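So for the sequence shown, the UniProt record's numbering puts the first residue at 1; every next one is plus one.
Even for Gly, the Cβ is constructed at its ideal location relative to N, Cα and C.
Bear in mind the structure is a predicted one, so any value in this text is a computation, not a measurement.
This report concerns only the one structure given below.
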Amino acid sequence: MIHVSMFRSQGEITGFEISGHAESGPYGHDLVCAAVSAVSFGAVNAVISLCGFEPDLEQGGEGGYLKITLPEDLDDAIHSKAQTLLEGMQVSLETIEQEYDQYMKISQR
């Protein structure tokens with residue numbers, strides 16, 4: 001199962017952690033894993049490209065683990081843009097969870 005934890009402080013996303021494997025199909029053909037990977041890495045790449053900073057990033061060597069933490073010292077405009085991108089990521093992940101809840105769970109921390 002894939003576990004997604006969205007980290008929040010005062011309603012704002014401060015980061016997220018994704019761990020585990022969906023195991024919804026054979027290795028290399030797991031659509032849930034591919035979807036979660038595409039959405040999460042797409043959001044991280046968008047933050048880097050459109051916001052102009054690199055968040056603190058931890059990634060598992062074998063896959064199945066990604067943790068992002070936003071810096072605390074972002075100016076308001078960049079912070080707002082990063083929030084919009086990460087909220088969009090969460091909406092996309094929730095859409096996947098609605099269809100495949102036996103393979104992934106999202107929690108707020």
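key: Neighbourhood of valine 36 by C-beta distance below 6 angstroms, restricted to the same chain and skipping five residues each side   = Ile2
ask   = Around the Cβ of phenylalanine 53, are there at least 16 other Cβ atoms within 10 angstroms (buried) or fewer (exposed)?
value = By the Cβ neighbour-count rule, phenylalanine 53 is exposed, with fewer than 16 other Cβ atoms within 10 Å of its own.
Contact check, valine 32 vs isoleucine 68, beta carbons under 9 angstroms = Judged by beta-carbon spacing, isoleucine 68 lies beyond the 9 angstroms limit of valine 32, meaning their Cβ atoms are not closer than that value.
message = Using the three-state DSSP reduction, which class does glutamate 97 fall into: helix, strand or coil?
response = helix
query = Based on Cα-Cα distance, which residue from Glu99, Gly88, Arg109 and Ile13 lies nearest to proline 55?
reply = Ile13
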